[in-house]
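Asks: Protein chains in written order, with our numbering: chain A, 71 to 167; chain B, 48 to 151.
Where a beta carbon is used, it is the ideal one built from N, C-alpha and C, also for glycine.
Here's a structure for you.
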């Protein structure tokens with residue numbers, strides 16, 4: 071599985087959410103993981119994703135497997151990347167779409 | 048004779064089709080130009096998930112029927128979009144974020 075692990079910040083590179091950042095919350099099998107934006111922050115809804123559609127970034131959150139969107143958001147708020155995610159959401163005109 | 052609605056620019060807007068009339072004459076009918084398929088702006092391959100047709104047809108279609116619903120949908124093919132997103136993630140993401148919280 072390499073660097074795709076629970077808590078890893080990734081960029082989606084395929085589909086309607088391409089270019090948006092997300093957090094891995096569960097490893098389903100060697101091809102699929104469950105991710106979340108969370109949606110209200112980056113617009114990526116909680117969903118299953120192929121790891122081929124994700125590019126890992128050098129930030130890893132300290133969250134438990136299957137963490138809820140609220141827990142992920144709390145963990146994000148204590149990191150430096152949170153400000154950047156908020157800026158990106160604003161430049162898109164709100165996170166959800 | 049009624050005025051030609053396309054005026055002197057008719058040849059630029061329409062294609063001519065030779066038609067043999069019942070009286071034996073050959074006349075030219077002016078028809079819609081055939082539209083080319085949408086191509087990827089980077090690699091030039093035909094785009095999937097796009098429609099082509101005269102404006103009268105395209106105007107009746109929903110937006111989602113005309114191009115894929117993703118960033119650069121109807122402009123880049125999915126492979127070129129992926130290349131673009133990966134290069135963006137590497138150049139912006141990896142340099143801006145300190146590697147201190149990095150890969151274990």
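Below 7 Å between beta carbons: does that hold for residue 55 of chain B and residue 88 of chain A?
Replies: Numbered from 1 along the second chain, position 8 holds the residue referred to as residue 55 of chain B. Numbered from 1 along the first chain, position 18 holds the residue referred to as residue 88 of chain A. No, the Cβ-Cβ distance between residue 55 of chain B and residue 88 of chain A is not below 7 Å.
Asks: Write down the C-beta distance between residue 142 of chain A and residue 80 of chain A rounded to the nearest angstrom, noting that I regard them as a contact closer than 8 Å.
Replies: Locating residue 142 of chain A in the first chain gives position 72, counting from the first residue. Locating residue 80 of chain A in the first chain gives position 10, counting from the first residue. Wrong, their Cβ atoms sit about 13 Å apart, outside the cutoff.
Asks: What residues from the stretch 131-155 of chain A come within 7 Å of chain B, judged by C-beta to C-beta, listed N to C?
Replies: 151
Asks: Beta-carbon within less than 6 Å of residue 78 of chain A's beta-carbon, same chain only, minus the 5 sequence neighbours each way: which residues are those?
Replies: Residue numbering aside, residue 78 of chain A sits at position 8 when the first chain is read from its first letter. Contacts found: 94, 126 and 130.
Asks: Is it buried or exposed, residue 114 of chain A, if we count other Cβ atoms within 10 angstroms and call 16 or more buried?
Replies: Indexing the first chain from 1 puts residue 114 of chain A at position 44. Around the CB of residue 114 of chain A, 16 or more other CB atoms lie within 10 Å, so the residue is classed as buried.
Asks: Check each residue of the stretch 58-88 of chain B: if its Cβ is closer than 8 Å to any Cβ of chain A, include it; give the result in chain order.
Replies: Cβ contacts with chain A come from no residue of the stretch 58-88 of chain B.
Asks: Give the residues of chain B in contact with residue 162 of chain A, contact being defined as C-beta atoms less than 9 Å apart.
Replies: Along the first chain, one-based indexing puts residue 162 of chain A at 92. Those within 9 Å of residue 162 of chain A in chain B number zero; the least Cβ separation is about 10 Å.
Asks: For a test of the three-state rule: what should DSSP assign to residue 112 of chain A, helix, strand or coil?
Replies: For the purposes of this step, residue 112 of chain A is identified with residue 42 of the first chain, where counting begins at 1. Helix, per DSSP.
Asks: Say whether chain A places a C-beta atom closer than 7 Å to the C-beta of residue 150 of chain B.
Replies: The residue given as residue 150 of chain B occupies position 103 in the second chain. Note that residue 150 of chain B has pLDDT 43, beneath the 50 cutoff, so the model's placement of it is unreliable and the number below is only indicative. Output row for residue 150 of chain B: interface = yes.
Asks: Taking 7 Å as the CB-CB limit, is residue 132 of chain B close to chain A?
Replies: Indexing the second chain from 1 puts residue 132 of chain B at position 85. So yes, residue 132 of chain B belongs to the interface.
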